[in-house]
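Participant:
Residue numbers (my numbering): 300 to 651.
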């Protein structure tokens, strides 16, 4: 029995999927900001980390499988080998600057190498045209969060063009949010909490040193908590996925979405920036039906009110297939190449 227990303990150590990731969660320092210059241990395993204004953002110290940093020190997905968006902006003086706004389909989280993302590919393809691309996309963000980032950084970058590619996540809270809530507020405050709560594990921190118990804790507690990079942890009391949740979408919710999009257009107008609005390519029927029937047609009408905005629907240009997409909306490397090539041609024809 003793021998079996010893074997089980030893085996359990190797059965824990990613010990370094778990250790990052256990040891995360909530007392300090990982964006600060203060010297303290900073994890390179976590893709997303807490943010004071947007709830979560990209970890500037995250390393991909090649041990490369793929985010800037300010938490932006890289489009070049420069590690700072501030420095990149300084070196872009005199260039035609383009900001890409979006969520996971713009961040391209599934691309291990930032060079395989469509904003980085677009940057390379337009390099000879004296252009510089900035990737503002962050996985699972809604327009609320994108607006916060854009307001705080666009006045510094002063883009000539903004590519707006974001829509699907305006519906996700209705799908994932507590199905017992009959009405979801426009800021989602009655179903969403703080991403940072994923790191509140002080009570069980000691058990990290006990492999067998750690394995049990992982499978029955932590596994769900860190699912999808921990982003599902925001839903309270827990993610409650059900497409019937879409029935809760009311006119006021849609009007809020349109108002936020108008706000983006107005800000760009103030910046003297052009906007290229592209309906986000989503081929999941439940999402796609609402986007195509309730959201995109209205956005198209709104864009016609602004001289600085161009609406460009690519649904009839890019068809869904497994070579271009890794799922029903996220591009593969090949898809990023196709999408960036289309954008390059549109930009050269209409904006340069």
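A virtual CB, placed ideally from N, CA and C, is assigned to each residue, including glycine.
In this text, all values refer to a predicted model and were calculated from it rather than measured experimentally.
(1) Exposed or buried, what is residue 340 when buried is set at 16 or more other beta-carbons lying within 10 Å of its beta-carbon?
(2) What are the boundary residues of the alpha helix (DSSP H) that includes residue 452?
(3) Under 8 Å: do the segment 539-558 and the segment 344-364 share three or more Cβ pairs, one atom per stretch?
(4) Quick one: using the 10 Å Cβ neighbour count with 16 as the cut-off for buried, is residue 543 buried or exposed?
(5) Within the continuous alpha helix (DSSP H) that includes residue 637, where are the two ends?
(6) Cβ atoms of residue 462 and residue 577: under 8 Å apart, would you say?
(7) Considering only C-alpha positions, which residue in the set 570, 614 and 592 is nearest to residue 579?
(8) Assuming residue 617 contacts residue 637 (C-beta within less than 8 Å), just tell me the rounded distance between them.
(9) Got a sec? Which residues, its chain only, sit under 8 Å from residue 573 by beta carbon, not counting five neighbours each side?
(10) Starting from the N-terminal side, write out each stretch of the beta strand (DSSP E) that is 3 residues or longer and does not extend beyond the segment 570-609.
(11) Is residue 431 helix, strand or coil by DSSP?
(12) What three-state label does DSSP hand residue 302 in the structure shown?
(13) On a CA-only basis, which of 420, 640 and 442 is nearest residue 467? Give me that one, please.
(14) State the DSSP-derived secondary structure class of residue 349, mapped to helix, strand or coil.
(15) Can you name the start and end residues of the alpha helix (DSSP H) that residue 396 belongs to?
(16) Considering residue 462, what are the terminal residues of the beta strand (DSSP E) in which it resides?
(17) So the alpha helix (DSSP H) residue 425 belongs to, where does it begin and stop?
(18) For residue 354, report the span of its beta strand (DSSP E) as first-last.
(19) Round the Cβ separation of residue 478 and residue 539 to the nearest angstrom and send it over; I've been treating them as touching at under 8 Å.
(20) On the CB-based measure, 16 or more other CB atoms within 10 Å of its CB, does residue 596 come out buried or exposed?
(21) Are residue 434 and residue 353 close, meaning C-beta to C-beta below 8 Å?
(22) Assuming residue 473 is part of the alpha helix (DSSP H), what are its boundary residues?
(23) Between the C-alpha atoms of residue 373 and residue 424, what's the straight-line distance to the nearest angstrom?
(24) Is DSSP giving residue 362 helix, strand or coil here?
(25) Applying the 10 Å Cβ sphere with the 16-neighbour rule, what's the burial state of residue 629?
(26) Can you name the residues that DSSP bridges to residue 491?
(27) Enumerate in chain order the residues of its own chain whose CB-to-CB distance from residue 585 is below 7 Å, with the five nearest sequence positions on each side excluded.
(28) According to the Cβ coordinates, are residue 420 and residue 587 closer than 8 Å?
(29) With a 10 Å radius around its C-beta and 16 neighbouring C-beta atoms as the bar for buried, classify residue 393 as buried or exposed.
(30) I think residue 371 touches residue 360, with their Cβ atoms under 8 Å apart; what is that distance to the nearest whole Å?
(31) For residue 386, is the classification buried or exposed, using 16 other Cβ atoms within 10 angstroms of its Cβ as the cut-off for buried?
(32) Could you tell me the distance, in whole angstroms, from the CA atom of residue 582 to the CA atom of residue 619?
(33) According to DSSP, residue 376 sits in a beta bridge with which residue or residues?
(34) Does DSSP put residue 339 in a helix, a strand or coil?
Facilitator: Taking the structure as given:
(1) exposed
(2) 442-456
(3) no
(4) exposed
(5) 632-649
(6) yes
(7) 614
(8) 7 Å
(9) 459, 460, 461, 567, 607, 608, 609 and 650
(10) 573-576
(11) strand
(12) helix
(13) 442
(14) strand
(15) Unbroken run through residue 396 is the beta strand (DSSP E), 395-401; no alpha helix (DSSP H).
(16) 460-464
(17) It is not in any alpha helix (DSSP H) - residue 425 carries neither H nor E in the DSSP assignment.
(18) 354-357
(19) 5 Å
(20) exposed
(21) no
(22) 471-475
(23) 25 Å
(24) strand
(25) buried
(26) 534
(27) 542 and 545
(28) no
(29) exposed
(30) So it is not a contact: roughly 11 Å between Cβ atoms.
(31) exposed
(32) 7 Å
(33) 370 and 434
(34) coil
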